[in-house]
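Please read the structure below before turning to the comments.
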Amino acid sequence: MQVTINKIAQGGEGIATLESGRTVFVDGALVNEVVEIEIYRETKSYAKAKITNILKASQDRVEPFCPHYFECGGCNLQHLKYEKQVKLKEDLVFDHLKRIAKLDLSKIDILPTETDSDTSYRNRVRFHVSMADKKIGFLKKQSDELCEIDSCPLLVDSINEAIGNGDIFKAARLNMFNNNSRGNYIQVPVFAGDDKLSFSNDRVKITVNEHPFSVSANVFFQSNPKLLSKLVDYVVSKIDCDSVMDLYSGVGTFSAFLPKNTIAVEKQKDCLTLSKINAPNAISYTGEVEKWGKKNKESVDIVVVDPPRTGLYESVPKLINKFGAKKIIYVSCNPVTLARDIKEFVKIGYEVKEVKVFDFYPHTHHVECVVLMSNVQK
Ligand SMILES: C[S@@+](CC[C@H](N)C(=O)[O-])C[C@H]1O[C@@H](n2cnc3c(N)ncnc32)[C@H](O)[C@@H]1O
Numbered sequence: 000m001q002v003t004i005n006k007i008a009q010g011g012e013g014i015a016t017l018e019s020g021r022t023v024f025v026d027g028a029l030v031n032e033v034v035e036i037e038i039y040r041e042t043k044s045y046a047k048a049k050i051t052n053i054l055k056a057s058q059d060r061v062e063p064f065c066p067h068y069f070e071c072g073g074c075n076l077q078h079l080k081y082e083k084q085v086k087l088k089e090d091l092v093f094d095h096l097k098r099i100a101k102l103d104l105s106k107i108d109i110l111p112t113e114t115d116s117d118t119s120y121r122n123r124v125r126f127h128v129s130m131a132d133k134k135i136g137f138l139k140k141q142s143d144e145l146c147e148i149d150s151c152p153l154l155v156d157s158i159n160e161a162i163g164n165g166d167i168f169k170a171a172r173l174n175m176f177n178n179n180s181r182g183n184y185i186q187v188p189v190f191a192g193d194d195k196l197s198f199s200n201d202r203v204k205i206t207v208n209e210h211p212f213s214v215s216a217n218v219f220f221q222s223n224p225k226l227l228s229k230l231v232d233y234v235v236s237k238i239d240c241d242s243v244m245d246l247y248s249g250v251g252t253f254s255a256f257l258p259k260n261t262i263a264v265e266k267q268k269d270c271l272t273l274s275k276i277n278a279p280n281a282i283s284y285t286g287e288v289e290k291w292g293k294k295n296k297e298s299v300d301i302v303v304v305d306p307p308r309t310g311l312y313e314s315v316p317k318l319i320n321k322f323g324a325k326k327i328i329y330v331s332c333n334p335v336t337l338a339r340d341i342k343e344f345v346k347i348g349y350e351v352k353e354v355k356v357f358d359f360y361p362h363t364h365h366v367e368c369v370v371l372m373s374n375v376q377k
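For what it's worth, numbering that gives the first Met the number 0 labels the leading residue of the sequence shown as 0, then goes sequentially.
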């Protein structure tokens with residue numbers, strides 16, 4: 000079956016329309032390409048397909064630099080020139096802000112996108128390990144099978160070295176007893192600190208903008224340290240008073256740089272334990288933001304909010320408004336939920352002032368972005 004790709008989806012697949020009128024998402028296809036496809040999944044409203052032959056290739060197509068690329072499920076945009084990946088992600092973010100949040104982008108400051116090295120950037124990863132076959136890797140695309148690797152060009156050198164020197168197997172043996180398995184594989188989380196790796200709850204030091212953080216492989220921490228430094232600089236540059244709240248605060252990544260007595264709220268106890276070390280000047284609470292916010296009558300001028308991919312629980316925009324926030328700095332790793340949440344903030348009186356994209360995850364469709372909002376009524 001032959002199709003022409005007319006758009007790229009949020010997940011990085013090419014989108015085309017089948018003769019039946021149904022939408023098909025084609026893995027690894029680029030805009031304007033004419034491809035032959037094989038459908039591997041169908042629902043009533045859409046189909047998913049893989050390319051069997053490229054009849055007309057895009058000028059933006061490049062040969063992937065990783066030998067495992069077409070098999071491994073780890074990344075999905077290596078076939079697109081890097082500068083075009085950045086443009087694609089910007090377009091996707093802006094498209095969601097227009098379509099879902101109904102924003103008029105001509106009235107918003109769109110700041111230049113931040114990028115850094117597109118290889119050897121990632122210092123956090125989760126390997127799958129087969130003890131029976133003595134293999135380390137990632138799951139294959141659309142599969143529960145292991146794609147064995149001996150290195151990954153997106154990972155920092157210290158993690159690649161641990162594949163070769165047996166440290167990942169050692170960690171897998173320890174993790175065997177921690178319920179950390181998926182199917183036949185043991186999952187091994189790895190976090191690279193300044194000079195040591197963490198494979199579980201063991202703490203390592205990582206320095207961001209000269210501030211030492213204590214982090215383990217089992218908690219959330221941004222996986223691109225060079226861009227994290229720029230993200231922190233940007234967020235801090237928007238803080239112009241002492242009355243600040245840091246919601247979804249993790250191990251204190253932002254709180255550490257925010258004014259004394261910043262109120263930090265995070266649901267994971269392990270994160271909060273580390274946050275108390277990393278950001279001792281913050282006032283830290285364990286709890287789900289939506290429940291904590293209902294019980295507490297705080298008053299603040301600025302709220303930094305950095306939720307997981309699912310975005311904000313539906314009551315949270317109103318809670319933030321109730322806290323009196325004049326300014327919101329919304330850090331997001333999912334432009335779809337970001338746009339959905341902004342729509343709610345706009346309904347209750349906030350205006351979007353600035354948007355800045357950070358390409359934290361080169362060669363994948365994932366993107367980080369920050370939206371600055373202020374309350375026009377406060
Ligand atoms: C994207 S991370 C951001 C963490 C931190 N701001 C950072 O940059 O390292 C999201 C954090 O929200 C936490 N979280 C998820 N759901 C939550 C909720 N309902 N209430 C509070 N924290 C939550 C997760 O445990 C995670 O640490």
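In this text, a Cβ means the ideal position worked out from N, Cα and C, and glycines have one as well. As the structure is a computational prediction, the values presented were derived from the model and not from experiment.
#### Entry: Alpha carbon of Ser-157 to alpha carbon of Leu-196, nearest angstrom
8 Å
### Closest residue to Val-207 among Ser-254, Phe-198 and Val-187 (Cα-Cα distance)
Ser-254
### Query
Quick one: what's got a C-beta closer than 8 Å to Ser-314's C-beta in the same chain, skipping five residues either side?
Glu-289, Gly-292 and Lys-293
### Query
Any idea what DSSP makes of Asp-108, helix, strand or coil?
strand
### Query
Is the Cβ-Cβ distance between Ile-301 and Val-351 less than 8 Å?
no
### Task
Give me the Cα-Cα distance between Cys-74 and Lys-325, rounded to the nearest whole angstrom.
39 Å
### Query
What do you get for Arg-123, buried or exposed, if any count of 16 or more other CB atoms within 10 angstroms of its CB means buried?
buried
### Task
Report buried or exposed for Thr-261, applying the criterion of at least 16 other Cβ atoms within 10 angstroms of its Cβ.
buried
### Query
Taking 7 Å as the cut-off, is the CB of Cys-368 close to at least one heavy atom of ligand 3?
Among the ligands present in this structure, namely ligand 1, ligand 3 is not found.
### Message
ligand 1 and Val-288: does any heavy atom of the ligand fall closer than 7 Å to the residue's C-beta?
### Response
yes
### Start-to-end residues for the alpha helix (DSSP H) that takes in Lys-97
81-98
### Message
If distances are taken between C-alpha atoms only, which option among Asp-193, Ile-99 and Ala-216 comes closest to Asn-200?
### Response
Ala-216
### Message
Quick check: is any heavy atom of ligand 1 less than 7 Å from the C-beta of Lys-266?
### Response
yes
### Query
Does the Cβ of Asp-340 have 16 or more other Cβ atoms within 10 Å, making it buried, or fewer, making it exposed?
buried
#### Entry: Ile-185 to Lys-204 span [Cα, whole Å]
25 Å
### Query
Within the present structure, is the beta-carbon of Asp-340 separated from the nearest heavy atom of ligand 1 by less than 7 Å?
no
### Message
Using a Cβ-based criterion (distance less than 7 Å to any ligand heavy atom), does Gly-249 qualify as near ligand 1?
### Response
yes
### Task
Specify whether the segment 236-252 and the segment 137-156 touch according to this definition: at least 3 beta carbon pairs, one from each stretch, less than 8 Å apart.
no
### Query
In whole angstroms, what separates the C-alpha of Val-345 from that of Asn-159?
45 Å
### Task
List the residues that DSSP assigns as beta-bridge partners of Pro-211.
Thr-206
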